[in-house]
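The sequence shown finishes on residue 468 if you use the UniProt record's numbering, and the numbering steps up by one all the way, no holes. Every residue, glycine too, gets a C-beta built ideally from N, C-alpha and C. It should be emphasised that the depicted structure is a prediction, and the values quoted were computed from it without experimental measurement. Shown next, in structure tokens, is the structure this report addresses.
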Amino acid sequence: MPRARRKPSEQSKSNSVLARARTLAFFCTAVVLAGAWLAAPVRAQTADIRRTPVVRAVEKASPAVVNITTDREVTREMPFGPGSDMLAPFFREFFGDLPKRSYNHQSMGSGVIIDGQRGLVLSNAHVISGATSVRARLADGREFQAQLVGSDPDFDLAVLRLEDASNLPQVPLGDSDDILIGETVIAIGNPFGFTHTVTTGVISAVKRSIRTDHGVYTDFIQTDAAINPGNSGGPLLNLHGELIGINTAIHAQAEGIGFAIPVNKAKRVVGELLGRGRVSPVWLGLAGQNIDPGTASYFGLKTLEGMIITNVYAGLPGAAAGLKPGDVLLTVQGVQVQDKEHYLAMLQNFVRGEKLTLEVLRDGNRFRTTASPTAYTTEEALAMARDRWGMVLSGNDNRRGLALENVLPQSPAGNLGLRRGDVLLQVGGMEIQSRDDFAKAFMRHRMNNQVLLIVGRGGRMYHVRMQI
């Protein structure tokens with residue numbers, strides 16, 4: 001049957017509907033494409049906003065941060081098993097020496113790779129102290145055995161070398177003399193075993209001093225970035241991802257206060273550890289005495305704090321700084337010198353070549369000068385010990401002390417009754433196993449009026465006080 005022919009009006013309506021449908025489809029497609037085109041830059045812009053300077057710094061430095069695990073062998077007297085330590089004195093009184101039990105103790109810390117080619121890691125000395133085995137784990141999961149290159153407990157720094165490691169990531173070293181109070185800093189570490197934990201804070205202060213049971217530590221960076229157990233040895237970074245400090249201590253009495261060793265000091269310590277395996281004690285070539293009330297009145301001082309300089313050795317930093325006998329040394333690096341013992345303790349925190357600012361009183365006028373300490377050599381210590389204490393020590397290092405080769409008559413050692421063949425075990429609480437150990441101990445106590453010694457003679461140990 002023939003198809004019915006559409007009227008012109010119906011054909012026109014059909015074409016109009018089809019045209020509107022095509023227009024709507026085109027418009028919808030255009031909207032979808034425009035939305036997709038606009039969304040791409042928005043997503044990219046959002047990603048850029050999220051990648052803050054902190055994120056970029058962490059991405060740059062975190063591959064060079066290592067988690068350190070150490071093993072230590074601990075020996076204890078265990079008469080009836082764990083928990084009986086408090087009864088040990090009672091049982092020892094009746095049964096003599098108790099059997100000892102050894103066990104392995106594992107602890108954790110952090111470190112940072114400072115030389116990827118040689119596999120050198122910088123950490124804290126206390127992190128690896130007494131360890132029989134040290135392992136370091138990188139962020140990518142690789143793990144290496146580590147060997148100790150050198151450490152110094154006075155600076156709480158240690159250098160490790162990763163075995164069979166090369167071409168590792170390393171953190172760029174910054175300049176700790178160029179930091180701003182209030183600038184953002186980042187700490188990365190291994191707190192409580194949570195590996196590669198990132199915390200942020202600000203620089204709260206610089207040149208802080210901390211007094212501990214082991215002495216006075218100076219020149220720390222203070223930060224409120226969270227530094228918890230396990231963070232020790234980890235890096236403190238600026239927003240460029242550069243190392244500006246080594247996290248090392250938490251203030252015992254307050255939360256939110258952490259400290260870091262400035263990287264510029266760490267650089268000098270590392271140089272000595274790599275070169276000699278230890279850090280040489282330093283001095284300014286000064287001798288001094290404490291201030292008594294009469295001296296304070298003479299100099300017009302309101303307190304007894306400070307040290308009167310009694311001798312300035314020619315050719316040494318103190319002389320180069322223009323210091324003279326009779327000057328009163330008031331501060332070192334902005335820290336008040338309390339007395340000569342405090343001054344000697346402060347020297348432990350400095351390395352040779354470090355620029356120190358000294359505040360001095362002369363003829364009623366205060367002035368400042370600068371001096372860079374020089375190494376106090378073992379030979380200088382031995383010569384001065386002979387002159388000042390009357391001791392001539394053996395040239396052979398011994399793990400059980402140093403023998404006296406000679407004792408000068410009418411000297412502090414001679415008046416004490418020391419004699420040839422006695423073995424010097426401790427000086428002022430510091431163990432003596434080498435002439436280098438003695439040099440450090442003598443440097444610490446050389447201006448004292450008395451010093452406590454532990455001396456071995458005939459298989460017995462004697463605690464004696466030597467008047468100087």
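Query                                                                                                                                                                  : Result
So, is M1 buried or exposed, given that buried needs 16 or more other C-beta atoms within 10 angstroms?                                                                : With a pLDDT of only 48 at M1, under the threshold of 50, the placement of this residue in the model should not be trusted; the figure read from the coordinates follows. Its Cβ having fewer than 16 others within 10 Å, M1 is exposed.
Quick one: measure Cβ to Cβ for N195 and I186, integer angstroms, because I've assumed they're closer than 8 angstroms.                                                : The displayed chain sequence assigns Thr, not Asn, to residue 195. Not really, about 16 angstroms apart at Cβ, beyond 8 angstroms.
Any chance the segment 223-235 sits against the segment 60-69, with 3 or more Cβ pairs inside 8 angstroms?                                                             : yes
When the Cβ atoms of the segment 169-182 are set against those of the segment 123-132, are three or more pairs found closer than 8 angstroms?                          : no
Are V270 and V159 close, meaning C-beta to C-beta below 7 angstroms?                                                                                                   : yes
Should residue 471 go down as buried or exposed, given a rule of 16 or more other Cβ atoms within 10 Å for buried?                                                     : Outside the shown range of the chain, which is 1 to 468, sits residue 471, and nothing can be said about it.
On the three-state DSSP scale, how would you describe N264?                                                                                                            : helix
When burial is assigned at 16 or more other CB atoms within 10 Å of the CB, is F144 buried or exposed?                                                                 : buried
With DSSP run on the structure shown, which of helix, strand or coil describes S204?                                                                                   : strand
Pick out the complete beta strand (DSSP E) segments inside the segment 372-447, 3 residues or longer, and give them in chain order.                                    : 391-393, 402-407, 423-427
Alpha carbon to alpha carbon, what distance is there between S110 and A131?                                                                                            : 14 angstroms
Apart from the five residues on each side of it in sequence, which residues of its chain come closer than 7 angstroms, Cβ to Cβ, to A381?                              : F438, A439, F442, M443
Check whether the Cβ atoms of S409 and P373 sit closer than 7 angstroms, and answer yes or no.                                                                         : In the sequence under discussion, the amino acid at residue 409 is Pro, which differs from the Ser named in the question. Not in contact: P409 and P373 (Cβ atoms no closer than 7 angstroms).
Do G234 and G174 have their C-beta atoms within less than 7 angstroms of each other?                                                                                   : no
Sort L236, K60, P412 by Cα distance to A226 and report the nearest one.                                                                                                : L236
Please list the terminal residues of the continuous alpha helix (DSSP H) segment that includes L356.                                                                   : First-last for L356: 356-362, but that is the beta strand (DSSP E), not the alpha helix (DSSP H).
Looking only at C-alpha atoms, which of A385, V464, G364 sits nearest to R435?                                                                                         : A385
So L404 packs on L424, CB below 8 angstroms; how close in whole Å?                                                                                                     : 7 angstroms
Determine the extent of the beta strand (DSSP E) in which T310 is found, giving its start and end residues.                                                            : 307-312
If you scan the segment 108-164 from start to end, which runs of the beta strand (DSSP E) of 3 or more residues do you find wholly inside it?                          : 120-123, 133-137, 143-152, 157-162
For V270, which three-state DSSP category applies?                                                                                                                     : helix
Is it a yes or a no for the segment 299-316 touching the segment 278-289, going by three-plus beta-carbon pairs under 8 angstroms?                                     : yes
Flag this pair as yes or no: are the beta carbons of Q467 and D154 separated by less than 7 angstroms?                                                                 : no
S209 by DSSP, collapsed to three states: which one?                                                                                                                    : strand
Using the Cβ count rule (16 or more neighbours within 10 Å means buried), how would you classify N311?                                                                 : exposed
As a quick exercise: from A139, G458, V360, A165, pick the residue whose alpha carbon is nearest that of V335.                                                         : V360
From the DSSP output, read off the bridge partner residues of H240.                                                                                                    : For H240, which the question treats as bridged, DSSP gives no partner whatsoever.
Could you tell me which of R388, M108, M447 sits nearest to F192, measuring between CA atoms?                                                                          : M108
For D140, count neighbouring C-beta atoms within 10 Å of its own C-beta (all shown protein chains included) and say buried if the count is 16 or more, exposed if not. : exposed
Pick helix, strand or coil for E73, following the three-state DSSP scheme.                                                                                             : strand
Note the first and the last residue of the continuous beta strand (DSSP E) segment covering G189.                                                                      : 184-189
With a 10 Å radius around its C-beta and 16 neighbouring C-beta atoms as the bar for buried, classify R420 as buried or exposed.                                       : exposed
Alpha carbon to alpha carbon, how far is N104 from S133? Give it in angstroms, no decimals.                                                                            : 11 angstroms
Considering only the alpha carbon of each residue, which of V202, A165, N247 lies closest to E183?                                                                     : V202
Measuring CB to CB, does L356 end up less than 7 angstroms from A371?                                                                                                  : yes
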